[in-house]
Amino acid sequence: MLSAEHVTSVEGAATSAFMQMILRLNEGTFRPLFLRFFDWAVVELADGDGADVDGVTSRKIVLFKTVDKMLAQLKSIAVPYYSFMLDQAVQLVSSQDTDAQLLTTVMSTLSRALEHDNSGFWTAARLSKLVTPLAQHIESDNVQDGRLSVPYTALLGAVSQAIEEHEQILHDLVKAFLTRTRSEDEDIQLAAVNALRIMWDAGIDASMAAHSAESMPFLVEALETGGQVERATKELLARMNEDQDGAESTASDDEDASGSDDDGSLDEGMDEDEVE
Numbered sequence: 017m018l019s020a021e022h023v024t025s026v027e028g029a030a031t032s033a034f035m036q037m038i039l040r041l042n043e044g045t046f047r048p049l050f051l052r053f054f055d056w057a058v059v060e061l062a063d064g065d066g067a068d069v070d071g072v073t074s075r076k077i078v079l080f081k082t083v084d085k086m087l088a089q090l091k092s093i094a095v096p097y098y099s100f101m102l103d104q105a106v107q108l109v110s111s112q113d114t115d116a117q118l119l120t121t122v123m124s125t126l127s128r129a130l131e132h133d134n135s136g137f138w139t140a141a142r143l144s145k146l147v148t149p150l151a152q153h154i155e156s157d158n159v160q161d162g163r164l165s166v167p168y169t170a171l172l173g174a175v176s177q178a179i180e181e182h183e184q185i186l187h188d189l190v191k192a193f194l195t196r197t198r199s200e201d202e203d204i205q206l207a208a209v210n211a212l213r214i215m216w217d218a219g220i221d222a223s224m225a226a227h228s229a230e231s232m233p234f235l236v237e238a239l240e241t242g243g244q245v246e247r248a249t250k251e252l253l254a255r256m257n258e259d260q261d262g263a264e265s266t267a268s269d270d271e272d273a274s275g276s277d278d279d280g281s282l283d284e285g286m287d288e289d290e291v292e
């Protein structure tokens, strides 16, 4: 039996060798190779009633680690190949039973695919597929005590930025988390509040502010829960108020600047009259 360290070492060497090989291939040669690799990882051992669950998981880990490295190294060139991976990734993020290592790798690939897309790969239809998995994930056993993992935090932030201009998708994701703040499980409540905070911290303040009114009844109820949920909700509300105060301050500064310009014009007019 190989140790975990040995397996990781072998996987790393194999992935590096694969990357060196594909750099020498053209599109016509690489595409069928990639599809064969995908079938090996996802389909082969899953066929039939006696599916080898551990074997399938191990192969999927190798597949997603390889794709993660492709995206890290080839960036936008590799993003179109994620069309073959997306449905599998959605399923794995949604599942209650996904292996923790596999889940971490899947989330990393999704984040990279979002980060490096510069050709419009992430259409509204594809982005909408991520709403339910992201919301369901906070109810899974992979989330303990309402704490969201670093890979999930990075993914939710990347998705939030990608859907900023897709009002309906943004609304659906916000509403999915708001609904879960009313869960009877305080860990899920806390995770939902934390998820909303991640969205507010993703740099899309103006878009999130549009959902403030809808959010308030849910957050007021969350305050009544007490404990960590109450503290996290207070922090979220403070973050939301920071944005509102900043917007009001900016508006006030603009008004002051406008007033100063008017005064300047008037003074100039007076000076011209005096010269005449």
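With our numbering applied, the sequence shown covers 17 to 292. C-beta: ideal position from N, C-alpha, C; glycine also.
Review point. Tell me the DSSP bridge mates of ARG163?
Key: As a first step, residue 163 is located in the sequence shown; it is residue number 147 there, counting from the start. Beta-bridge pairing links ARG163 to GLN160.
Review point. In angstroms, rounded to a whole number, what distance separates the CA positions of ALA225 and GLU181?
Key: Taking the sequence shown and counting its residues from 1, one reaches residue 225 at position 209. Taking the sequence shown and counting its residues from 1, one reaches residue 181 at position 165. The straight-line gap from Cα to Cα measures roughly 14 Å.
Point to revise | Exposed unless 16 or more other CB atoms sit within 10 angstroms - verdict on LEU118 | key: Here residue 118 is taken as the residue at index 102 of the sequence shown, counted from 1. So LEU118 counts as buried.
Review point. Should the region 153 to 164 be regarded as contacting the region 204 to 224, the criterion being three or more beta carbon pairs within less than 8 Å?
Key: yes
**Study point:** Through-space distance from SER135 to TRP56, alpha-carbon basis
**Key:** Here residue 56 refers to the residue found at position 40 when the sequence shown is read from its first residue. Here residue 135 refers to the residue found at position 119 when the sequence shown is read from its first residue. Going from the Cα of TRP56 to the Cα of SER135 covers about 29 Å.
**Study point:** Reduced DSSP category for HIS153 - H, G, I as helix; E, B as strand; rest coil
**Key:** Position 137 of the sequence shown, counted from the start, is the residue given in the question as residue 153. Here HIS153 sits in helix by DSSP.
Exercise for review: Could you tell me the distance, in whole angstroms, from the CA atom of TYR98 to the CA atom of ALA62?
Suggested key: As a working mapping, residue 98 is identified with position 82 in the sequence shown. As a working mapping, residue 62 is identified with position 46 in the sequence shown. TYR98 and ALA62: Cα-Cα distance of roughly 21 Å.
**Study point:** Beta carbon of SER176 nearer than 8 Å to that of ALA218
**Key:** Within the sequence shown, numbered from 1, the residue matching residue 176 stands at position 160. Within the sequence shown, numbered from 1, the residue matching residue 218 stands at position 202. Yes; because the gap between Cβ atoms is below 8 Å, this pair is in contact.
Exercise for review: Quick one: measure Cβ to Cβ for ILE185 and SER144, integer angstroms, because I've assumed they're closer than 8 Å.
Suggested key: Numbered from 1 along the sequence shown, position 169 holds the residue referred to as residue 185. Numbered from 1 along the sequence shown, position 128 holds the residue referred to as residue 144. Indeed they touch by this definition, with Cβ atoms about 5 Å apart.
Check your understanding: Helix or strand or just coil, what does DSSP make of SER111?
Key -> Here residue 111 refers to the residue found at position 95 when the sequence shown is read from its first residue. Looking at SER111 - three-state DSSP - the assignment turns out to be coil, as it is neither helix nor strand.
Point to revise | Assumed close pair PHE137, VAL95 - CB separation to whole angstroms, cut-off 8 Å | key: Here residue 137 corresponds to residue number 121 of the sequence shown, with the count starting at 1. Here residue 95 corresponds to residue number 79 of the sequence shown, with the count starting at 1. Rounded, the Cβ-Cβ distance is 5 Å, consistent with contact.
Check your understanding: How many angstroms separate the CA atom of GLU237 from the CA atom of TRP216?
Key -> For the purposes of this step, residue 237 is taken as the residue at position 221 of the sequence shown. For the purposes of this step, residue 216 is taken as the residue at position 200 of the sequence shown. Rounded to whole angstroms, GLU237 to TRP216 spans 19 Å at the Cα level.
Point to revise | Rounded straight-line distance, which links the Cα of VAL166 to that of ALA211 | key: Against the sequence shown, residue 211 aligns to sequence position 195. Against the sequence shown, residue 166 aligns to sequence position 150. C-alpha separation (whole angstroms): 12 Å.
Review point. GLU43 and VAL78: beta carbons closer than 8 Å?
Key: Against the sequence shown, residue 43 aligns to sequence position 27. Against the sequence shown, residue 78 aligns to sequence position 62. In this structure, VAL78 does not lie closer than 8 Å to GLU43 by Cβ.
Practice item. Could you check if ASP115 is buried or exposed, using at least 16 other CB atoms within 10 Å of its CB as the buried criterion? Key: Along the sequence shown, read from residue 1 onward, the residue named residue 115 stands at position 99. Looking at its Cβ environment, which holds 16 or more other Cβ atoms inside 10 Å, ASP115 is buried.
Review point. Skipping 5 residues on each side, what residues in its chain have a beta carbon closer than 8 Å to that of LEU49?
Key: As a first step, residue 49 is located in the sequence shown; it is residue number 33 there, counting from the start. ILE38 and LEU41.
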